[in-house]
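**Q**
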Amino acid sequence: MDIFIQQLVNGITLGGMYALIALGYTLVYGILLMINFAHAEMFMVGAYVGLFSLKFFSDPEWGAATLGLEGMQQFFTGSIFGLIIMFAIVFIFSGIVTGLLGMLIERVAYRPLRNAPRLAPLISAIGVSIFLQNAVLLWVDSRAIAFPNVFPVVNFGYGINSLKIFIVVTSIILLIGLDTLVSKTKMGKAMRATSQDRGAAQLMGININKVIAATFFIGPALGAVAGIFHGMYYGAVIFNMGFFPGIKAFTAAVLGGIGNLRGAMLGGFMLGIIESMTAGFISTGYKDVVAFAILIIVLIFRPGGLLGESVVEKV
Amino acid sequence: MLKIKHLSTSYGKIHAVRDISFEVNEGEIVTLIGANGAGKSTTLQTISGLLKPRAGTILYKDEDIAGMPANKVAARHVVQVPEGRRIFGRMTVKENLEMGAYLRKDSAGIKEDIAHVFELFPRLEERIAQKGGTLSGGEQQMLAMARGLMGRPELLMLDEPSMGLAPVVVETIFEVIQKLRDQGITILLVEQNASLALSIANRGYVMETGEISLSGTGRELLANEDVQKAYLGH
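Chains as they are written, first to last, in my numbering: chain X, 378 to 692; chain H, 684 to 917.
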């Protein structure tokens, strides 16, 4: 029973990260019918931006302190209140930087290919992914960098600790926030309309370039948050850290029904829990085998994914 | 109100519309009739900005809107109800109508207009919370028109509104089209059902392989022998 609860907690934590990344895949797919293979790198870049901004605010030998701002660092690391503000700044800053990078990539690498055959933007995305990985490898570091250990980890037993709670709660808040944004706000409705019929959306007066740019901001921003979680959880970042979480999150998006937001969330949590359970009760070596076997089975019986709608026939 | 001069549009190497000129005056119903593939829909899509013209000008209220992106054309209250309805299938009837009012900020006016389109199409009110994709073809056409009206069109362009619909529904739709003209909305109507379109139109143009071959008042064209042979099945 202990192991079950422990693995459930681990699974939900991991699932929250997968869900956040999966949303980026599913949002872009929903609107452009394109798999953004560079999305895993948004997660990676987000983690790096988070790491360096966290260092800047908290590492006495690095960043702010060397600029004579020791007082600020002391404020941020000295109390719970300071920590909350610091993490809020780090997450928001990293989200914005990564979101802007996402928009830039769309503008430079995808928009010129919007009316090209579907394979072209896909290849372009792979190119962006390789470019970003190598840019970080060359300009930052080829080795793993330790993530600043400033989050106060308190254990509550059963493998539950304050970091996991923080990750799960923040993920859920963001997921609910995005769901509300898409279903309630004008921008969200424009996104849904664009994903259902781009031409008709334009006829309504929707500027689809803006909608697509917003999509490419939101997805990477959420991916960046997941990247920081990942860095905090595993304690390090490295230039190719996006690969596995990226593939897993893509799987989660497909499992839930690509293009469907709630599907991506469900798929993310399911995949995280299945993986952790397999690792806990069968063997760590089998966790990916089981996760992907389930994906294959689901796709055989429900090709559209769990929440994906069967393809509506257009008359 | 709308003056098209020497307009050409092509898909790749296919010249779908070749050097056409026509005009629509305020308060008129003008119809473009012609066979499948004559370039009627292409013409509408070029005006609404979904397609870019290769050459020519589209003067709307003395402003050249040729090549302007569709969202900016829509902002000028030039509204196209597209062929095949193209409603948002995964949105409710209400949400579809709200999308039609996307550019407007006057929520009171939007409410009023929703009530107004429900008066025109009472069936839609019964289906208000239903997803667009679950409506029948006729209801979808009504929704597409209602959605278009939510943008407060000054020029309403209807692309094949009778396509695939039962005669009773077609009758309702054409009654509404005439009502809309009486309310002061200028209408550019593309139809394959030429006799029906000409019977309500002030003027009409016949398109053939991308060019305008004939023009006249609705009555003249209905009486024209060539039109009768080619499009009215006489």
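For each residue, glycine too, the CB sits at the ideal point set by N, CA and C.
For E778 of chain H, return the contacting residues in chain X, with the cut-off set at a CB-CB distance below 9 Å.
**A** Walking along the second sequence from the start, residue 778 of chain H turns up at place 95. Within 9 Å Cβ-Cβ: K566, R569, A570.
**Q** Which whole runs of the alpha helix (DSSP H) in the region 797 to 834 of chain H are 4 residues long or more, in chain order?
**A** Within the region 797 to 834 of chain H, the complete alpha helix (DSSP H) runs of at least 4 residues are 805 to 809, 820 to 832.
**Q** Would you mind giving the Cβ-Cβ distance between V764 of chain H and M828 of chain H, rounded to the nearest angstrom? I have them listed as a contact below 8 Å.
**A** To locate residue 764 of chain H, count along the second sequence from 1; it is residue 81. To locate residue 828 of chain H, count along the second sequence from 1; it is residue 145. Right, the Cβ-Cβ distance comes to about 5 Å (below 8 Å), so this counts as a contact.
**Q** Mind pulling the chain H residues with CB within less than 9 Å of A641 of chain X?
**A** Within the first sequence, numbered from 1, the residue matching residue 641 of chain X stands at position 264. Per Cβ cutoff of 9 Å: no residues; A641 of chain X is ~16 Å from chain H at best.
**Q** Is it true that the CB of G423 of chain X sits closer than 9 Å to the CB of T475 of chain X?
**A** Numbered from 1 along the first sequence, position 98 holds the residue referred to as residue 475 of chain X. Numbered from 1 along the first sequence, position 46 holds the residue referred to as residue 423 of chain X. Yes, the pair counts as a contact, with Cβ atoms nearer than the cut-off.
**Q** For V776 of chain H versus L839 of chain H, is the C-beta distance shorter than 9 Å?
**A** Here residue 776 of chain H is taken as the residue at index 93 of the second sequence, counted from 1. Here residue 839 of chain H is taken as the residue at index 156 of the second sequence, counted from 1. No, the pair does not count as a contact, with Cβ atoms beyond the cut-off.
**Q** With burial defined as no fewer than 16 other Cβ atoms inside 10 Å of the residue's Cβ, what is the status of D714 of chain X: buried or exposed?
**A** Limits of chain X in this structure are 378 at one end and 692 at the other, which puts residue 714 of chain X out of reach.
**Q** According to DSSP, what are the bridge partners of D842 of chain H?
**A** In the second sequence, counting from the first residue as 1, residue 842 of chain H sits at position 159. Answer is H:V873, bridged to D842 of chain H.
**Q** How should D842 of chain H be labelled, buried or exposed, when 16 other C-beta atoms within 10 angstroms of its C-beta is the threshold for buried?
**A** The residue given as residue 842 of chain H occupies position 159 in the second sequence. Buried, because 16 or more other Cβ atoms sit within 10 Å of the Cβ of D842 of chain H.
**Q** So what does Q763 of chain H bridge to, in DSSP terms?
**A** Your numbering for residue 763 of chain H matches position 80 in the second sequence. Partner(s): H:M840.
**Q** When you compare the CB of E781 of chain H with every CB in chain B, is at least one pair closer than 9 Å?
**A** Note that chain B does not occur in the displayed structure, where the protein chains are X and H.
**Q** I'd like the list of long-range same chain contacts for Y395 of chain X, defined as Cβ closer than 6 Å, with 5 residues on each side in sequence excluded.
**A** Taking the first sequence and counting its residues from 1, the one referred to as residue 395 of chain X is at position 18. These residues qualify, in order along the chain: K625, A626, A629, G645, L648, G649.
**Q** Helix, strand or coil: how does DSSP classify T562 of chain X here?
**A** Numbered from 1 along the first sequence, position 185 holds the residue referred to as residue 562 of chain X. Coil at T562 of chain X, not helix or strand.
**Q** Determine, for M581 of chain X, whether the minimum Cβ-Cβ distance to residues of chain H falls below 9 Å.
**A** If you number the first sequence from 1, residue 581 of chain X lands on position 204. With 9 Å as the cut-off, M581 of chain X counts as an interface residue toward chain H.
**Q** Considering only DSSP beta bridges, list what H698 of chain H is partnered with.
**A** Position 15 of the second sequence holds residue 698 of chain H. Partner(s): H:S693.
**Q** List the residues of chain X whose Cβ lies closer than 7 Å to the Cβ of R701 of chain H, in chain order.
**A** Residue mapping note: residue 701 of chain H aligns to position 18 of the second sequence, counting from 1. Within chain X, no residue comes near R701 of chain H; the closest Cβ sits about 23 Å away, beyond 7 Å.
**Q** Could you tell me the distance, in whole angstroms, from the CA atom of H799 of chain H to the CA atom of L807 of chain H?
**A** As a working note, residue 799 of chain H is residue 116 in the second sequence. As a working note, residue 807 of chain H is residue 124 in the second sequence. Answer to the nearest angstrom: the Cα atoms are 11 Å apart.
**Q** Is the region 477 to 486 of chain X touching the region 589 to 597 of chain X in the sense that three or more CB pairs, one from each, lie closer than 8 Å?
**A** Touching, yes.
**Q** Terminal residues of the continuous alpha helix (DSSP H) containing T628 of chain X?
**A** As a first step, residue 628 of chain X is located in the first sequence; it is residue number 251 there, counting from the start. Looking at the DSSP string, the run of the alpha helix (DSSP H) that includes T628 of chain X is 620 to 633.
**Q** I need the DSSP call for Y406 of chain X, collapsed to helix, strand or coil.
**A** Numbered from its first residue, the first sequence carries residue 406 of chain X at position 29. The answer is helix: DSSP assigns Y406 of chain X an H, G or I state.
**Q** Which of the three DSSP states, helix, strand or coil, is assigned to R773 of chain H?
**A** In the second sequence, counting from the first residue as 1, residue 773 of chain H sits at position 90. Residue state, collapsed to three classes: coil.
**Q** Are there 16 or more other CB atoms within 10 angstroms of the CB of G834 of chain H, so buried, or fewer, so exposed?
**A** Within the second sequence, the letter at position 151 stands for residue 834 of chain H. Buried, by the Cβ-count rule.
**Q** Classify M684 of chain H as helix, strand or coil using the three-state DSSP reduction.
**A** Working through the second sequence from its first residue, we reach residue 684 of chain H at position 1. Three-state result, M684 of chain H: coil.
**Q** List in chain order: all unbroken alpha helix (DSSP H) runs of 4+ residues lying wholly within the region 468 to 509 of chain X.
**A** Listed in chain order, there is nothing to give.
**Q** Which term fits A512 of chain X, buried or exposed, when burial requires 16 or more other beta carbons within 10 angstroms of its beta carbon?
**A** Along the first sequence, read from residue 1 onward, the residue named residue 512 of chain X stands at position 135. Exposed, because fewer than 16 other Cβ atoms sit within 10 Å of the Cβ of A512 of chain X.
**Q** Take the Cβ of Q866 of chain H as the centre, count every other Cβ of all protein chains shown within 10 Å, and call the residue buried at 16 or more, exposed below.
**A** The sequence position of residue 866 of chain H within the second sequence is 183, counting from 1. The residue is exposed, with fewer than 16 neighbouring Cβ atoms inside 10 Å.
**Q** Does the separation of the CB atoms of N387 of chain X and S653 of chain X fall below 9 Å?
**A** Position 10 of the first sequence, counted from the first residue, corresponds to residue 387 of chain X. Position 276 of the first sequence, counted from the first residue, corresponds to residue 653 of chain X. Yes. Within cutoff.
**Q** When the Cα of P736 of chain H is compared with those of H:L915, H:Y694, H:D796, which residue comes out closest?
**A** Here residue 736 of chain H is taken as the residue at index 53 of the second sequence, counted from 1. Cα-wise, what sits closest to P736 of chain H is H:Y694.
**Q** Use the C-beta contact count for R495 of chain X: other C-beta atoms within 10 angstroms, 16 or more gives buried, fewer gives exposed.
**A** In the first sequence, counting from the first residue as 1, residue 495 of chain X sits at position 118. With fewer than 16 other Cβ atoms within 10 Å, it is exposed.
**Q** Need the endpoints of the alpha helix (DSSP H) that S430 of chain X sits in, please.
**A** Here the question's residue 430 of chain X lines up with position 53 in the first sequence. Here the alpha helix (DSSP H) through S430 of chain X covers 416 to 435.
**Q** Give the interface partners of P765 of chain H over in chain X, defined as CB-CB distance under 8 Å, in chain order.
**A** Position 82 of the second sequence, counted from the start, is the residue given in the question as residue 765 of chain H. Those are G576, A577, L580, listed as they occur along chain X.
**Q** Kindly indicate the opening and closing residues of the beta strand (DSSP E) around L580 of chain X.
**A** In the first sequence, residue 580 of chain X corresponds to position 203, counting from 1. Looking at the DSSP string, L580 of chain X is not in any beta strand (DSSP E); the run it does join, the alpha helix (DSSP H), is 575 to 580.
**Q** Between the region 811 to 825 of chain H and chain X, which residues of the former have CB atoms less than 8 Å from a CB of the latter, in chain order?
**A** Answer set for the region 811 to 825 of chain H: G816, G820.
**Q** Excluding sequence positions up to five away, which residues of its chain have a Cβ less than 6 Å from the Cβ of R569 of chain X?
**A** The residue given as residue 569 of chain X occupies position 192 in the first sequence. If we look at R569 of chain X and ignore the five residues flanking it on each side, it has no Cβ neighbours.
**Q** Using alpha carbons as the reference points, say which of X:A578, X:I553, X:L552 lies closest to K563 of chain X.
**A** For the purposes of this step, residue 563 of chain X is taken as residue 186 along the first sequence, with counting starting at 1. Looking at the Cα atoms, X:A578 is the closest of the given residues.
**Q** Is DSSP giving L733 of chain H helix, strand or coil here?
**A** Walking along the second sequence from the start, residue 733 of chain H turns up at place 50. Looking at L733 of chain H - three-state DSSP - the assignment turns out to be coil, as it is neither helix nor strand.
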